[in-house]
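Numbering (this note's numbering), first residue to last: 38 to 344.
Structure first, then comments.
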């Protein structure tokens, strides 16, 4: 019996070692070699720059109509490419993430593709999802998710990767993975507890509960909820209004404030204060700060451009 138990333990250790090896390989690259995935010429993401009073706002829209923005290999590869492009656009001061698919934000993982995926490659693919949402969270500019319809599983995990979330009254949100025999694997078990507290997060994950936009607001998952309009884009317009409030402020200060919050929330208060001190030190010598102080003295709002 002892020998059998030992063999089983060794088998489990080999499985864990194999899993960690797959994850390590993935983290060295955005993509992974796969025999199952499909490449496509269809463009699943569109980046648009707004002008006029909204100059500095970028809109990244998901447009995988046939697959209701399901998170398959090609979709995620293009998602990573779009974020890589945005990362170095200094003219982008606020990003709004939305969907062009009616009544859908993102339906979550592409389960049809997952069914034909060899099990060893599942580890790498889920790590790719996790990496993508982390890339979204770490974009330098403030990000706002505009949720008009369904955001289930990985779809909600993408929204949780944004700094702020606006839902319409027709939105449906939930980390529904446990109803499928899995659990949130793109950061949902970590980001949701940090947002709403561990007890509420456990309740929502364990029950696979689906919430309306108003219920999500009550739980603290979204920043605001608005009644849906006839054109089905009420959350998008509310997100643009929020972006307009951010645009007049100093872009370098906003970006550094985001970094201070993101880093500080992961550590104890004293360590967080040191992050704040370090990032604040970078603000002091900037042109933005001097313009802000002059504007305050003259009691006017500075206009920050060209950053």
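Backbone N, C-alpha and C fix where the C-beta goes; we use that ideal spot for every residue, glycine too.
Beta-carbon proximity check, residue i vs residue j, cutoff 8 Å
{"i": "residue 203", "j": "residue 184", "result": "yes"}
{"i": "residue 117", "j": "residue 178", "result": "no"}
{"i": "residue 275", "j": "residue 261", "result": "yes"}
{"i": "residue 91", "j": "residue 288", "result": "no"}
{"i": "residue 210", "j": "residue 188", "result": "yes"}
{"i": "residue 250", "j": "residue 167", "result": "no"}
{"i": "residue 294", "j": "residue 205", "result": "no"}
{"i": "residue 143", "j": "residue 113", "result": "no"}
{"i": "residue 307", "j": "residue 297", "result": "no"}
{"i": "residue 109", "j": "residue 145", "result": "no"}
{"i": "residue 302", "j": "residue 231", "result": "yes"}
Simplified DSSP assignment, three categories, for residue i
{"i": "residue 261", "result": "strand"}
{"i": "residue 323", "result": "coil"}
{"i": "residue 124", "result": "helix"}
{"i": "residue 56", "result": "Caution applies to residue 56, whose pLDDT of 43 falls short of 50 and renders its modelled position unreliable; the value that the coordinates give is listed next. Note: residue 56 maps to helix in three-state DSSP."}
{"i": "residue 306", "result": "helix"}
{"i": "residue 73", "result": "Confidence is the limiting factor: at residue 73 the pLDDT is only 49, short of 50, which leaves the residue's position unreliable and the question unanswerable from this model."}
{"i": "residue 180", "result": "strand"}
{"i": "residue 298", "result": "helix"}
{"i": "residue 109", "result": "coil"}
{"i": "residue 237", "result": "helix"}
{"i": "residue 131", "result": "strand"}
{"i": "residue 64", "result": "Residue placement at residue 64 is flagged as unreliable, the pLDDT there being 39, under the threshold of 50; the coordinate-derived value follows with that caveat. Reduced to three states, the DSSP call for residue 64 is helix."}
{"i": "residue 117", "result": "helix"}
{"i": "residue 78", "result": "coil"}
{"i": "residue 92", "result": "coil"}
Top-ranked residue by Cα proximity to residue i, from the options
{"i": "residue 135", "options": "96, 228, 105 and 246", "result": "96"}
{"i": "residue 281", "options": "88, 78, 80 and 303", "result": "88"}
{"i": "residue 292", "options": "176, 307, 189 and 243", "result": "176"}
{"i": "residue 148", "options": "104, 299, 187 and 171", "result": "104"}
{"i": "residue 201", "options": "214, 192, 181 and 217", "result": "181"}
{"i": "residue 186", "options": "316, 247, 312 and 288", "result": "247"}
{"i": "residue 252", "options": "267, 266 and 233", "result": "233"}
{"i": "residue 218", "options": "245, 225, 196 and 235", "result": "245"}
{"i": "residue 242", "options": "121, 216, 162 and 102", "result": "216"}
{"i": "residue 220", "options": "126, 194 and 284", "result": "194"}
{"i": "residue 151", "options": "107, 303 and 235", "result": "107"}
{"i": "residue 174", "options": "165, 199 and 164", "result": "199"}
{"i": "residue 269", "options": "304, 300 and 137", "result": "137"}
{"i": "residue 322", "options": "162, 290 and 277", "result": "290"}
{"i": "residue 15", "options": "299, 318, 310 and 279", "result": "As displayed, the chain neither begins before 38 nor continues past 344, which places residue 15 out of reach and without an answer."}
{"i": "residue 300", "options": "286, 316 and 285", "result": "316"}
{"i": "residue 102", "options": "84, 196, 240 and 79", "result": "79"}
{"i": "residue 266", "options": "320, 208, 164 and 111", "result": "208"}
For residue i, the residue or residues it bridges with in DSSP
{"i": "residue 209", "result": "187 and 249"}
{"i": "residue 143", "result": "188"}
{"i": "residue 83", "result": "98"}
{"i": "residue 159", "result": "Beta-bridge pairing links residue 159 to no other residue."}
{"i": "residue 202", "result": "182"}
{"i": "residue 136", "result": "99"}
Residue i, buried or exposed, once every other Cβ within 10 Å from all chains shown has been counted against 16
{"i": "residue 353", "result": "The displayed coordinates of the chain run from 38 to 344. Any statement about residue 353 would go beyond what the structure contains."}
{"i": "residue 139", "result": "exposed"}
{"i": "residue 213", "result": "buried"}
{"i": "residue 160", "result": "buried"}
{"i": "residue 228", "result": "buried"}
{"i": "residue 86", "result": "exposed"}
{"i": "residue 222", "result": "buried"}
{"i": "residue 124", "result": "exposed"}
Heavy atom of the ligand ZN within 7 Å of residue i beta-carbon
{"i": "residue 310", "result": "Because no ligand of any kind appears in the structure shown, any question about the ligand ZN cannot be addressed here."}
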